[in-house]
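Sequence positions in the sequence shown follow my numbering and run 41 to 292.
We treat Cβ as the ideally placed atom computed from N, Cα and C, and that holds for glycine.
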Amino acid sequence: MRSFLFALLLPISATAQINNWDPRWYASDSALIFHDDLDYYLNAYSEPEIKAMRKQVSIWRMNFDKLMRQTIHELRDYSEGHGMEPAAHDFDLPIAQQAGRYRLMNNQGKIRAFMFGSISNPPARVQMERWSHLAKKYAKEADVQLFVIYGRELHPGDRKKFKLYPQPKSETEKAAYAKEFAQLGTLPVLIDGLDEAVYTAYGRVPNGAYLVDADGNLVFRSTWADARKMEHMIDTLLRWYKAGRPKGFEPR
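Put into structure tokens, the structure is as follows:
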């Protein structure tokens with residue numbers, strides 16, 4: 041379990057952050073598939089960013105809290121390729137910022153990128169801002185959707201930063217957290233239930249990210265969200281669709 045602690049301490053060079061993942065793809069008969077990024081470690085951040093996140097949480101709890109130990113186990117399991125059937129799992133969830141719901145499979149024909157997050161999740165808080173910049177970039181692309189699914193609290197009630205956010209005990213309390221989290225950016229925030237059904241279907245990783253193409257294929261998944269990788273893949277998919285979906289599609 042201490043290896044997760046090392047993930048927050050590990051200094052990673054800027055080059056390693058960019059090169060830790062293979063950005064290439066291959067075309068199947070029906071989809072453009074990207075390499076999954078199942079790295080157990082937080083590889084999308086600079087050393088100062090890692091240190092800033094460390095200050096928000098209790099290192100003691102990261103090593104000894106029962107819920108955190110369970111999360112660490114689930115993260116490791118997922119990073120080893122377990123815990124999730126690698127496919128797009130349908131869901132129908134309420135939207136935090138407005139009345140109404142969102143169903144994944146009712147939006148076929150659109151590229152759908154989403155991540156899990158919570159208000160006590162330091163990496164998700166950072167990515168909320170970065171993904172909001174992506175949403176602005178793709179605002180004129182009617183066929184691109186980006187959103188967050190509000191899942192499990194990563195550091196509930198931890199230290200001063202998250203003291204006001206213990207593990208929610210009701211749907212109403214979780215919805216209130218989700219609405220507050222939504223204020224960190226501009227993305228729609230969907231609310232998973234207290235049963236964590238969607239969180240479980242997608243591998244139980246608190247800041248996992250996923251890319252579903254216009255035909256409903258899951259073409260990428262990662263242990264940790266990274267806006268840079270998602271931007272690369274969305275741009276690539278858009279070029280592929282505009283080129284007529286050729287099997288021999290090459291980087292430009």
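Note on Y66: under 16 other CB atoms within 10 angstroms of its CB, so exposed under the neighbour-count rule. Spatial neighbours of G248 in its own chain (CB-CB distance under 8 Å, excluding positions within 5 residues in sequence) are listed in chain order as Y118, M155, F156, Y242, R261, S262, T263, W264 and A265. Given a length threshold of 4 residues, each whole run of the alpha helix (DSSP H) inside the region 91-138 is given here in chain order: 99-104 and 106-119. In the three-state DSSP reduction, A153 falls in the strand class (E or B). Look at S262 here: in three-state DSSP terms it is strand. Between V188 and K150 the beta-carbon gap is near 16 Å, outside 8 Å, which marks them as no contact.
Shown here, F221 sits in a helix according to DSSP, grouped into three states. In the structure shown, D275 adopts helical secondary structure according to DSSP, grouped into three states. Partner residues in a beta bridge of Q167, as assigned by DSSP, do not exist. Taking a contact to require three or more Cβ pairs closer than 8 Å, the region 67-80 and the region 268-288 qualify as touching.
Straight-line spacing of the CA atoms in Y85 and A127 works out to 28 Å.
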